[in-house]
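**Student:**
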Ligand SMILES: C[S@@+](CC[C@H](N)C(=O)[O-])C[C@H]1O[C@@H](n2cnc3c(N)ncnc32)[C@H](O)[C@@H]1O
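Residue numbers (this note's numbering): 74 to 335.
Below is the structure:
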């Protein structure tokens with residue numbers, strides 16, 4: 074099956090939407106196709122697996138064959154920030170020992186939920202840089218962080234403070250100086266999904282699923298000042314593969330954070 078992607082607009086297009094869709098085509102290095110008929114038909118006619126639609130409501134990526142739809146959304150970040158504000162804590166923040174003023178490198182930024190929570194904690198004196206390898210995820214996250222308007226102006230402000238680069242984390246880490254960030258974080262796709270997290274299903278399907286390698290962990294350990302944190306399912310084979318012995322429980326007992334200090 075082809076992995077080709079195309080870009081189009083909603084059925085009712087305007088000059089502005091068409092221009093925006095053409096820009097998205099350039100950004101992703103894929104063809105813009107005039108909208109005609111269903112997305113399924115459009116993909117078939119262009120031998121494409123997926124189609125990015127630019128509408129006046131949002132920009133979404135669809136794979137009509139599987140019914141997949143993926144778009145940027147702050148997801149659980151709002152609830153998690155509320156938990157922090159009322160003193161309930163957040164297992165990721167605890168595992169990172171993240172504080173105001175810290176710099177965080179989020180190597181697997183995905184939809185940036187974790188990065189948004191981190192931006193809340195590090196505040197305006199700190200910084201959050203996210204990396205994402207899959208172009209359609211990276212570009213939707215970059216666009217979403219720059220344009221999404223939440224009902225909370227404070228949350229919208231957090232989104233605008235996160236910087237995201239479309240990059241492979243190993244390539245990026247290799248060219249970082251020693252101790253460049255307080256914390257380096259990985260949230261790789263779990264080897265088996267937690268059946269509860271249906272919200273994660275589209276991201277999981279699109280994501281790069283390579284596990285963290287010993288080489289990536291070694292680079293991350295060199296690049297962090299305080300610690301490297303890796304999120305996984307409790308029964309992950311990764312702790313053994315990477316020789317990680319220090320772990321803390323996540324919010325649900327089925328999630329663990331592995332911690333490595335330089
Ligand atoms: C489980 S998701 C992360 C979700 C994220 N923590 C959030 O809050 O939305 C893992 C992400 O890491 C990305 N990824 C996997 N390998 C990568 C690599 N080598 N470099 C950069 N990103 C990578 C995947 O494409 C996917 O989007």
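Every residue, glycine too, gets a C-beta built ideally from N, C-alpha and C.
#1: Going by DSSP, what residue range makes up the alpha helix (DSSP H) through residue 101?
#2: Is residue 286 buried or exposed, if buried means 16 or more other CB atoms sit within 10 Å of its CB?
#3: Leaving out the 5 sequence neighbours to the left and right, which residues in its chain are closer than 8 Å to residue 74 when beta-carbon positions are compared?
#4: Taking only heavy atoms of ligand 1 into account, decide whether any of them is closer than 7 Å to the Cβ of residue 336.
#5: When we look at the beta-carbon of residue 251 and count the other beta-carbons within 10 Å, is it buried (16 or more) or exposed?
#6: Quick one: residues in its chain with C-beta nearer than 8 Å to the C-beta of residue 166, no 5 flanking neighbours on either side, listed in chain order?
#7: Spell out a yes or no on whether the region 215-231 and the region 168-181 are touching, meaning 3 or more CB-CB pairs, one atom from each, closer than 8 Å.
#8: To the nearest angstrom, how far is the alpha carbon of residue 131 from that of residue 112?
#9: Short of 7 Å in beta carbon distance, which residues of its chain neighbour residue 265, apart from the five on each side in sequence? Order them along the chain.
#10: Could you give the DSSP three-state label for residue 244: helix, strand or coil?
#11: For ligand 1, is there any heavy atom lying closer than 7 Å to the beta carbon of residue 243?
#12: Around the Cβ of residue 142, are there at least 16 other Cβ atoms within 10 angstroms (buried) or fewer (exposed)?
#13: Using 8 Å as the threshold, is the C-beta distance between residue 84 and residue 108 below it?
#14: Do residue 210 and residue 279 have their C-beta atoms within less than 8 Å of each other?
#15: Considering just the uninterrupted stretch of the beta strand (DSSP E) at residue 203, what are its terminal residues?
#16: Roughly how many whole angstroms lie between the Cα atoms of residue 152 and residue 163?
#17: Cβ of residue 114 versus every heavy atom of ligand 1: is any distance shorter than 7 Å?
#18: Given a threshold of 16 other Cβ atoms within 10 Å of its Cβ, counted over all protein chains shown, does residue 88 qualify as buried or as exposed?
#19: What runs of the beta strand (DSSP E), each 3 residues or longer, lie entirely inside the region 251-291?
#20: Check whether the Cβ of residue 370 lies closer than 7 Å to any heavy atom of ligand 1, and answer yes or no.
#21: Would you kindly work out how many angstroms separate the C-alpha atoms of residue 120 and residue 326, rounded to a whole number?
#22: What does DSSP give as the partner residues of residue 104 in its beta bridges?
#23: With DSSP as the reference, label residue 154 as helix, strand or coil.
#24: Go through its chain and collect everything with a Cβ distance to residue 97's Cβ below 8 Å, but skip five positions before and after it.
#25: Who are residue 133's beta bridge partners in DSSP?
#26: Closest to residue 293 by CA distance: which of 316, 198, 256, 174 is it?
#27: If the criterion is Cβ atoms closer than 8 Å, does the pair residue 302 and residue 169 meet it?
**Tutor:** The structure says:
#1: Residue 101 sits at position 28 when you count from the first residue of the chain shown. Taken as a continuous stretch (DSSP letters only), the alpha helix (DSSP H) holding residue 101 covers 88-101.
#2: In the chain shown, residue 286 corresponds to position 213, counting from 1. Residue 286 should be labelled exposed.
#3: Taking the first residue of the chain shown as 1, we reach residue 74 at position 1. Bear in mind that the predicted position of residue 74 carries a pLDDT of just 40, short of 50, making it too unreliable to give a figure here.
#4: This structure gives no information on residue 336, because the portion of the chain shown stretches from 74 to 335.
#5: Position 178 of the chain shown, counting from 1, holds the residue named residue 251. So residue 251 counts as exposed.
#6: Locating residue 166 in the chain shown gives position 93, where the first residue counts as 1. These residues qualify, in order along the chain: 157, 190, 191, 194.
#7: no
#8: Position 58 of the chain shown, counted from the first residue, corresponds to residue 131. Position 39 of the chain shown, counted from the first residue, corresponds to residue 112. Approximately 16 Å between the Cα atoms of the pair.
#9: As a first step, residue 265 is located in the chain shown; it is residue number 192 there, counting from the start. Hits under 7 Å: 306.
#10: Here residue 244 is taken as the residue at index 171 of the chain shown, counted from 1. Looking at residue 244 - three-state DSSP - the assignment turns out to be helix.
#11: Taking the chain shown and counting its residues from 1, one reaches residue 243 at position 170. Yes - ligand 1 has a heavy atom lying nearer than 7 Å to the Cβ of residue 243.
#12: The residue you call residue 142 lines up with position 69 of the chain shown. Under this definition residue 142 is an exposed residue.
#13: For this step, residue 84 is matched to residue 11 along the chain shown. For this step, residue 108 is matched to residue 35 along the chain shown. It is a contact, given that the beta carbons lie within the stated cut-off.
#14: As a working mapping, residue 210 is identified with position 137 in the chain shown. As a working mapping, residue 279 is identified with position 206 in the chain shown. Yes, the pair counts as a contact, with Cβ atoms nearer than the cut-off.
#15: Here the question's residue 203 lines up with position 130 in the chain shown. Residues 200-205.
#16: By one-based count along the chain shown, residue 152 stands at place 79. By one-based count along the chain shown, residue 163 stands at place 90. Rounded to the nearest angstrom, the two C-alpha atoms are 10 Å apart.
#17: For the purposes of this step, residue 114 is taken as the residue at position 41 of the chain shown. Outside the cutoff, so no.
#18: Reading the chain shown from its first residue, position 15 is the one you call residue 88. Classification for residue 88: exposed.
#19: 254-259
#20: Outside the displayed span of the chain (74 to 335) sits residue 370, for which this structure offers no information.
#21: Taking the chain shown and counting its residues from 1, the one referred to as residue 120 is at position 47. Taking the chain shown and counting its residues from 1, the one referred to as residue 326 is at position 253. About 44 Å.
#22: For the purposes of this step, residue 104 is taken as residue 31 along the chain shown, with counting starting at 1. BP columns for residue 104 point to 79.
#23: Looking up residue 154 in the chain shown gives position 81. DSSP places residue 154 in helix when its eight states are reduced to three.
#24: The residue given as residue 97 occupies position 24 in the chain shown. Only 80, 105, 125, 127, 132, 212 meet the Cβ criterion.
#25: By one-based count along the chain shown, residue 133 stands at place 60. Paired residues: 126.
#26: One-based indexing of the chain shown puts residue 293 at position 220. Nearest of 316, 198, 256, 174 to residue 293, Cα basis: 256.
#27: Sequence index remark: in the chain shown, residue 302 carries index 229 (1-based). Sequence index remark: in the chain shown, residue 169 carries index 96 (1-based). Yes; because the gap between Cβ atoms is below 8 Å, this pair is in contact.
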